[in-house]
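Residue numbers (this note's numbering): 11 to 163.
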């Protein structure tokens with residue numbers, strides 16, 4: 011039993027036989043590639059994603075199998091040489107893996123803002139001490155339920 015569909019002249023079993031073989035090969039190839047990339051890719055590239063492996067189970071594997079079956083059937087029914095059809099399926103699987111891995115990458119994280127400022131004046135904090143104490147004395151007087159500590163100044 012051979013793993014790849016080869017160029018051996020099989021007995022004529024209708025137009026579907028070669029297309030069915032290519033469809034089966036494409037479904038297995040793209041299904042396994044999509045499943046592995048969708049299942050293991052998010053675990054390796056984005057471990058904080060809580061539902062990463064579900065993509066491989068629910069979307070990558072079944073989607074790859076359907077795409078591989080359709081592409082393999084079209085290539086087989088169109089009479090494309092088996093070597094060329096294999097290459098097309100392998101490159102399609104590689105492109106699908108790269109796309110899945112790209113979308114498995116984590117999103118950029120916000121680290122902070124860049125602020126451009128210009129200092130117009132500089133005052134010593136000690137010179138603002140009296141104003142600050144006056145401000146807080148007024149605030150404490152406005153709140154009769156709040157009693158400050160005796161040594162708060």
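Heads up, the beta-carbon is just placed ideally off N, CA and C, and yes, glycines get one too.
Cutoff 7 Å; reference residue i; Cβ partners in own chain excluding five residues on either side
i, result
"residue 163", "143"
"residue 146", "none"
"residue 118", "none"
"residue 85", "32, 95, 98"
Sequence-distant residues of the same chain with beta carbon closer than 6 Å to residue i, five excluded per side
i, result
"residue 158", "150"
"residue 153", "none"
Candidates the options, of which the one nearest residue i by Cα
i, options, result
"residue 78", "117, 58, 99", "99"
"residue 49", "112, 65, 40", "65"
"residue 105", "39, 30, 28", "39"
Check whether residue i and residue j have beta carbons under 9 Å apart
i, j, result
"residue 199", "residue 62", "There is no way to answer for residue 199, as the model of the chain reaches only from 11 to 163."
"residue 108", "residue 36", "no"
"residue 83", "residue 33", "yes"
"residue 41", "residue 71", "yes"
"residue 156", "residue 111", "no"
8 Å Cβ shell around residue i - same chain, five flanking residues per side excluded
i, result
"residue 116", "55, 56, 58, 59"
Inset, instruction - Assess, as a yes-or-no matter, whether the segment 41-56 is touched by the segment 84-96 under the definition of 3 or more beta carbon pairs within less than 8 Å. - result: no
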